[in-house]
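Written out below as structure tokens is the structure these notes cover.
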Amino acid sequence: MPALLLLGVFTAGFTISCATAPATSSGWTGPETVGRIEHAVIDESSGLARSHRAAAVYWTHNDSGGEPVLYAIDATGRFLGAVRIAGATNIDWEDMTSFELDGTAYMLVAEVGDNFGQRTDCVLHIIREPDPKDLNPAREHTADIAWSIAVAYPAGPRDCEGVAVDITERTIYLISKRTKPPVVYQLPLQPDPAAPAPLAAVVGDLNGIPEPTGPTALINAPWGRYRASPCAFDISPDGRTAVVLTYGEVYLYQRDGAATWAETFAAGPLTLAAHGLPQAESACFATDGRAVIVTTEGSPAPLLQYRPVD
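The sequence shown runs 253 to 562 under the numbering used here.
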């Protein structure tokens, strides 16, 4: 979804207010501005993932119609370099995630945006993460696709902007954006290449995200009537916590004991302080696997951090 022209006004106002944001009732602080993405080429950040090869490094990509390129930034938002995915196109990239599998760092890019619910070509591309130490801001690198996974749903096409990997289960989770309530689906991380492509299986409803009411519901903006739409998703490395970003809030779904993700998503989330961004579409767990980083489409784009109180 294209960024709002009013981004500069909203982000400027937010940057001033977030420094005094109180601790949330769930024992988290934030949002705190920890950086800013200012590189001109990153103007519609629509996915964010931490590096598994270097501390305090993150990857992002632009939204629909952008180049099939991943951009590396440091924890302050400074541009480190770009990696083009050979053989891929960016029709509507809407999220990305990262994971380590059998000692190798990977990144997953989700070509799953489907605003009109018509696409039959949605796909997930997995690449080996390049070493950030080899990046050069002045020279674009290229990475090959390690494997791809077709995305199809049992009841027909779905718009999706949130994709995450639970590496403890070797499972990919996806959230539908436009259904009420949102629905969570799952796919195997490594489908059998000799078998037919699997359909995404229904996990269950994503409960606990209230629809806007009153005057907010009448405002035709992401943070208005579309405030409850899930637009980014990540799962912590230990497989115990999921973060779901909407245009209005940040939600945490925390697994208790032996609870499944289906039970956890049905039970509802903890709600963190509102991020106040005009079109937030990117979120991930930080390098430490505990804090959460959030950013928005548009340029410049603040990097916000939520951190649990120790």
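Even glycine gets a Cβ: it sits at the ideal position worked out from N, Cα and C. Given the structure is predicted, the values throughout are model-derived calculations rather than measurements.
Buried or exposed for residue i, going by 16 or more other Cβ atoms inside 10 Å?
i, result
"P448", "exposed"
"R422", "exposed"
"A390", "exposed"
"P254", "Because P254 carries a pLDDT of 47, less than 50, the predicted location of this residue cannot be relied on, and the following value inherits that uncertainty. Exposed, because fewer than 16 other Cβ atoms sit within 10 Å of the Cβ of P254."
"Q531", "buried"
"P274", "Because P274 carries a pLDDT of 34, less than 50, the predicted location of this residue cannot be relied on, and the following value inherits that uncertainty. Exposed, since its Cβ has fewer than 16 Cβ neighbours within 10 Å."
"V455", "buried"
"E549", "buried"
"V436", "buried"
"D540", "exposed"
"P578", "Because the chain in this structure spans residues 253 to 562, residue 578 falls outside the shown range and cannot be described."
"T394", "exposed"
"A271", "A caution first: A271 carries a pLDDT of 32, below 50, which makes its placement in the model unreliable, though a value can still be read off. Exposed: under 16 other Cβ atoms inside 10 Å."
"T312", "buried"
Taking 8 Å as the threshold (C-beta atoms), are residue j and residue i in contact?
i, j, result
"S316", "I294", "no"
"L458", "P450", "no"
"E352", "A362", "no"
"I419", "W399", "no"
"E381", "M359", "yes"
"I289", "T547", "yes"
"E284", "L504", "no"
"A480", "E463", "yes"
"I461", "T516", "no"
"R410", "G369", "yes"
"E413", "G365", "yes"
"V496", "P467", "no"
"V544", "T281", "no"
"G333", "N367", "no"
"E296", "G279", "no"
Compare the Cα-Cα distances from residue i to each of the options and report the closest residue.
i, options, result
"T213", "P382, P482 and R371", "Lying outside 253 to 562, the shown extent of the chain, residue 213 is not represented and no answer is given."
"P552", "H291, R302, W280 and E284", "H291"
"V415", "A338, V286, S298 and Q557", "S298"
"G287", "P464, S303, E533 and A308", "A308"
"R559", "T547, E501, R542 and G466", "R542"
"G509", "A407, D490 and G500", "D490"
"V417", "L497, G318 and S488", "S488"
"L426", "C374, A395, I461 and T394", "C374"
"A518", "R479, A494 and E533", "A494"
"M348", "Q370, V321, F331 and T372", "V321"
"T512", "E296, R492, V502 and T523", "R492"
"F331", "N314, D383 and Y310", "Y310"
Residue i and residue j look like a contact to me (Cβ under 8 Å); what is the Cβ gap, rounded to whole Å?
i, j, result
"R526", "G500", "The question names Arg, but residue 526 is Ala in the sequence shown. Rounded, the Cβ-Cβ distance is 6 Å, consistent with contact."
"R302", "A535", "Wrong, their Cβ atoms sit about 11 Å apart, outside the cutoff."
Does chain D have any CB closer than 8 Å to the CB of residue i?
i, result
"E363", "Judged by its chain identifiers, the structure shown contains no chain D, having just a single protein chain."
**Prompt:** Is the stretch 469-476 touching the stretch 386-404, taking contact as three or more C-beta pairs under 8 Å?
**Reply:** no
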